[in-house]
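What follows is a set of notes on a single structure, which appears directly below.
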Amino acid sequence: MINYLSNNSDIILTALRQHLYLALLPILIGIVVSVPIGYLGVRFPWLYHPLVNTCGVLYSIPSLALFVFLPVVLGTKILSPINIVVALSIYTVALLARTVADALRAVDRTIVQSATAMGYRRFRRLVDVELPVALPVILAGLRVATVSNISLVSVGALIGVGGLGQLFTRGFQLFYLEPILVGIILSVLVAGLADLAIVLVQRAVTPWTRYQHGNGGAA
Amino acid sequence: MNLSYLLDPAHWHLTAPGSLPQLLLSHLGYVALALLIGTVIALPVGLYIGHTGRGSFIAINAGNAGRSLPTLGLLMLMVTLLGLGLTPVLIALTVLVIPPILTSAYAGMRTLDQQVIDAARGMGMRPWQVLTRVEFPMALPVLMSGFRNAALQVVATATVAAAVGLNGLGRLLIDGLAVNDYSRVLAGAIVVAALAIALDLLFALVQRWIVSPGLSGRVRARARRATT
């Protein structure tokens, strides 16, 4: 294993870099897209159920099917990394848009009413009050999306772009265990670190959640 | 979009090897087997941990660990270790089924209202009766959502299994890509996506059917309608 690592460090690092790029760019796109969509699902209640159902259907499409279907729809080359980025963005939005809607719906009405009474307009109230209060739930959804994105990227190796997944296909073709093990370990490690990073961000930006147990759950 | 492969009646012969119905059937076979074995293993363990509270650490982390395991890597690891064939693939699929079912069985049992369980005990129910007639039915909605997640994951991974020589609908994707037959790839993608959505809908219906109407709120809705 040590030998394999030192002899192939270039290949492994390139694969790792591609893996990170392919997994994290869709997360950023997903956040930017799903916050407004989730908000619309709350602002217009008749939109909520169609939104949840669409997200459910999109999320249930198997990744390999989506990877090979997108080039037909987008007109991209089958080997283009854009397919992977778009597919994973779709999964991220399918998961997060619903989470954002649920989190905003769960915000205590009295908090919203107090903010309105203090003179907050709709947009300022959303940004300054409702979203911060909903943040712990949204970030919990983000953790799920990030971890599953990182493990899904490797399926892309079957169509030639898959970050660490390329180590799997290489090992499989050569009937050689090391690359597969290194790929799995790195992938799980990256997922764990990304998960931890979100937890730390959450602790930093929502300090009030830590006092909840002490004073009877005022949030 | 070129739908010629999907719409060609020659690819829909029931008995021809490699036809769409045959691939669909083998795909469903892998999914059913993995779900069955995974449930038999994970359900009792999850219920036990949820019922006793012992080992909650395992149940909480199983879900996260399962999500972070790259499915393609797991498949190729198993095949490289054990050789080609159904067994290594089934092991990989089963490993993916266990975490969501284990975690949801545990979560379903943990979120129960403790007063309901006390009431059941107070009515003289034995521990086994409390488990089978109170706790399990009440944990079912959460449990079913975990089961549906597991089913989706297995349908998707069984597709990937074609890359390690198995049949199933992934054959259309892998073989189509290998010979640049995009019509075949598209047919595979559409049928797999339709299968995943149909299975999820089916399990949603099963869930509606087996979850007590008193839990899902349907009784309350009916009562409201009756009074107005």
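For the protein sequence lines, the chains are A and B, in the order given. Count along the first sequence from 1, then add 774; that gives the number in the numbering used here. Count along the second sequence from 1, then add 655; that gives the number in the numbering used here. Using N, Cα and C, we set each Cβ at its ideal position, and we do this for glycine too. No experiment lies behind these values; they were computed from the predicted model shown.
Quiz item: Helix, strand or coil for residue 892(A) per DSSP?
Solution: In the structure shown, residue 892(A) sits in coil (DSSP, three-state: anything other than H, G, I, E or B).
Quiz prompt | Same chain only: Cβ atoms within 6 Å of residue 803(A), ignoring 5 sequence neighbours per side | solution = If you ignore the 5 residues before and after residue 803(A), its C-beta comes within less than 6 Å of the C-beta of 863, all in its own chain and listed in chain order.
Exercise. Below 8 Å between beta carbons is the criterion; list the residues of the stretch 733 to 755 of chain B that meet it against any residue of chain A, in chain order.
Key: Residues passing the 8 Å Cβ filter: 734, 735, 736.
Quiz item: Is the beta carbon of residue 801(A) within less than 7 Å of some heavy atom of the ligand MG?
Solution: Only the bare structure without any ligand can be found here, which leaves the ligand MG out of the picture.
Self-check item: Best match in 867(A), 964(A), 975(A) for proximity to residue 805(A) [C-alpha to C-alpha]
Solution: Residue nearest to residue 805(A) within the set 867(A), 964(A), 975(A) is 867(A) (criterion: CA-CA distance).
Exercise. Please check the pair residue 928(A) and residue 728(B), which I expect to be a contact at CB under 8 Å, by giving their CB distance rounded to whole angstroms.
Key: Between residue 928(A) and residue 728(B) a beta carbon distance of about 6 Å is seen, short of the 8 Å cut, so the two are scored as contacting.
Exercise. Please list the partners that residue 897(A) has in chain B, where partner means a Cβ-to-Cβ separation under 7 Å.
Key: What residue 897(A) touches in chain B: nothing, since even the nearest Cβ is about 34 Å away.
Quiz item: With a cut-off of 8 Å, does the C-beta of residue 1020(A) fall near any C-beta of chain B?
Solution: Limits of chain A in this structure are 775 at one end and 993 at the other, which puts residue 1020(A) out of reach.
Quiz prompt | Proximal residues of chain A, C-beta to C-beta of residue 722(B) below 8 Å | solution = For the C-beta of residue 722(B), the chain A residues within less than 8 Å are, from N- to C-terminus, 918, 921, 922, 925, 965.
Quiz item: At least one CB of chain B closer than 8 Å to the CB of residue 860(A): is that the case?
Solution: False, the Cβ-Cβ gap to chain B never drops below 8 Å.
Exercise. Please report how far the alpha carbon of residue 912(A) lies from the alpha carbon of residue 865(A), in whole angstroms.
Key: For residue 912(A) and residue 865(A), the distance between alpha carbons rounds to 15 Å.
Self-check item: Between the CA atoms of residue 792(B) and residue 867(B) - distance to the nearest angstrom
Solution: Going from the Cα of residue 867(B) to the Cα of residue 792(B) covers about 7 Å.
Quiz item: Which residues, in order along the stretch 794 to 805 of chain B, keep a beta-carbon less than 8 Å from a beta-carbon of chain A?
Solution: Within the stretch 794 to 805 of chain B, not one residue has a Cβ closer than 8 Å to any Cβ of chain A.
Quiz item: Which same chain residues, not among the five before or five after residue 972(A), have their C-beta less than 7 Å away from its C-beta?
Solution: Cβ neighbours of residue 972(A) beyond the five flanking positions: 913, 916, 917, 920.
Quiz prompt | Interface flag, residue 804(A) vs chain B, CB-CB below 8 Å | solution = With a threshold of 8 Å between beta carbons, residue 804(A) makes no contact with chain B.
Quiz prompt | Bounding residues of the alpha helix (DSSP H) (the contiguous stretch that carries residue 716(B)) | solution = Taken as a continuous stretch (DSSP letters only), the alpha helix (DSSP H) holding residue 716(B) covers 711 to 723.
Exercise. Using a threshold of 8 Å, state whether the C-beta atoms of residue 760(B) and residue 801(B) are closer than that.
Key: A contact, by the Cβ cut-off of 8 Å.
Quiz item: Going along the chain, which residues of its own chain have a beta-carbon closer than 8 Å to the beta-carbon of residue 840(B), five neighbours each way excluded?
Solution: Same-chain partners within the cutoff: 827, 828, 831, 832.
Exercise. Count the other C-beta atoms from every protein chain shown that fall within 10 angstroms of the C-beta of residue 902(A), then say buried if there are 16 or more, exposed otherwise.
Key: By the Cβ-count criterion, residue 902(A) is exposed, with fewer than 16 other Cβ atoms from all chains shown falling within 10 Å of its own Cβ.
Quiz item: Looking at the structure shown, is residue 837(A) part of a helix, part of a strand, or coil, going by DSSP?
Solution: Correct three-state label for residue 837(A): helix.
Quiz prompt | Buried or exposed (CB count within 10 angstroms, at least 16 for buried), residue 704(B) | solution = Under this definition residue 704(B) is a buried residue.
Quiz prompt | residue 944(A) versus residue 950(A): straight-line alpha-carbon distance, rounded | solution = Rounded to whole angstroms, the gap between the alpha carbons of residue 944(A) and residue 950(A) is 8 Å.
Quiz item: With respect to the alpha helix (DSSP H) encompassing residue 813(A), which residues constitute its N-terminal and C-terminal limits?
Solution: Counting along the chain, the alpha helix (DSSP H) containing residue 813(A) begins and ends at 783 to 817.
Quiz prompt | Residue span of the alpha helix (DSSP H) that contains residue 791(B), given as start and end | solution = Run containing residue 791(B): 791 to 815, per the alpha helix (DSSP H) assignment.
Quiz item: Taking the alpha helix (DSSP H) that residue 773(B) falls in, what are its first and last residues?
Solution: Annotation for residue 773(B): the continuous alpha helix (DSSP H) segment containing it runs 769 to 777.
Quiz item: residue 957(A): buried (16+ other C-beta within 10 angstroms of its C-beta) or exposed?
Solution: Buried: at least 16 other Cβ atoms inside 10 Å.
Quiz item: With 8 Å set as the bound, which would you pick, yes or no: does the beta-carbon of residue 931(A) sit closer than that to a beta-carbon of chain B?
Solution: Yes, residue 931(A) lies at the interface with chain B (some Cβ there is under 8 Å from its Cβ).
Quiz item: residue 744(B) to residue 689(B), Cα distance in whole Å?
Solution: Across the structure, residue 744(B) and residue 689(B) are spaced so that their CA atoms are roughly 9 Å apart.
Quiz item: Checking contacts by CB at 8 Å: is residue 836(A) closer than that to chain B?
Solution: Output row for residue 836(A): interface = yes.
Quiz item: Which of the three DSSP states, helix, strand or coil, is assigned to residue 949(A)?
Solution: Note: residue 949(A) maps to coil in three-state DSSP.
Practice problem: Output yes if chain B places a C-beta closer than 8 Å to the C-beta of residue 874(A); else output no. | Solution: Answer no: the Cβ-Cβ gap between residue 874(A) and chain B never drops below 8 Å.
Self-check item: Distance between residue 844(B) and residue 660(B) (C-alpha atoms, nearest Å)
Solution: Roughly 12 Å separates the two Cα atoms.
Quiz prompt | Complete alpha helix (DSSP H) runs within the stretch 846 to 886 of chain A (minimum length 4 residues, chain order) | solution = Taken in chain order, the complete alpha helix (DSSP H) segments of 4 residues or longer contained in the stretch 846 to 886 of chain A are 855 to 879.
Quiz item: Helix, strand or coil for residue 901(A) per DSSP?
Solution: Reduced to three states, the DSSP call for residue 901(A) is helix.
Quiz item: Taking 8 Å as the CB-CB limit, is residue 662(B) close to chain A?
Solution: No, no contact with chain A.
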